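In what follows, a single structure is set out as structure tokens and then discussed.
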Amino acid sequence: MSKKIGITGGIGSGKSIVASVMDLYGIPVYIADQESKRLTNESPVIRERLTALCGSSIYTAKGLDKRALASLIFGDPELLRQVNGIIHPEVNRDFLAWAGRQSAPLCAIESAILFESGFDRIVDIRLMVYAPREIRIERAAGRDKASREEIERRIDSQLPDEVKKERADYIIYNDGRRALIPQVREFIRQIMP
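In the working numbering, the protein residues as written are 322 to 514.
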């Protein structure tokens, strides 16, 4: 079975770039955000439980109505906790099944909420991609076409970088001063079984 790496970092940190580099080095990467979206549309377990919790109107013929769900959970931390309690275990199961099918010695999951979701407990190694807040805001603004205020709200809604750094086994710095690819290569060299 492959050794599992959890890749995390805040919005604009560059975790997707690190995941892409790992993929180029032959390490398959499960993108939790993409797979979560797929599962909320395809998993009968998620659909049944979300419908029971939030009502049938959150699903349309095209799948989950993300705006309807977002409007329900916005400002309701308890409902958000319950929704996450439905989705995260299914993503967890899907990732573990996916990881079990991998033949490479290493595989990874990329998740902005690795620690918040509990995915950190199912991986062997926790890797944080770190970038200073101002750089993250600039990157996200350029990529997402969102306002600075919206990006700052998203940053503030996630676990602080200092906490992620404490919980991570390894940190890669994507601060524009240190070359990224050599850091990824060295990380892989250190953990390769």
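Beta carbons: idealized from backbone N, C-alpha and C, even for Gly.
Nothing here was measured: the structure is a model prediction, and the numbers come from that model.
Going by C-alpha positions, Leu390 is about 6 Å away from Ile379. For Arg442, there is no enclosing beta strand (DSSP E), as DSSP marks it with neither H nor E.
For Ser357, the closest of Glu487, Val412 and Ala467 by C-alpha to C-alpha distance is Val412. For Val450, the pairing in a beta bridge is given by DSSP as Ile493. If you ignore the 5 residues before and after Pro453, its C-beta comes within less than 7 Å of the C-beta of Asp496, all in its own chain and listed in chain order.
Here the stretch 455–469 does not lie against the stretch 343–350, with fewer than 3 beta-carbon pairs under 8 Å apart. The residue among Arg499, Val450, Lys486 and Ala467 with its C-alpha nearest the C-alpha of Ile493 is Val450.
Between Glu431 and Ala340, the C-beta gap is smaller than 7 Å, which places the two residues in contact. Our two residues, Ile332 and Ile476, have alpha carbons roughly 7 Å apart in a direct line. In this structure, Ala433 is the residue among Ala433, Pro514 and Arg469 with its C-alpha nearest to the C-alpha of His409. Secondary structure of Leu427 (DSSP, three-state): strand.
Ranked by how close their Cα comes to the Cα of Pro481, the residues Ala373, Thr329 and Met322 have Thr329 in first place.
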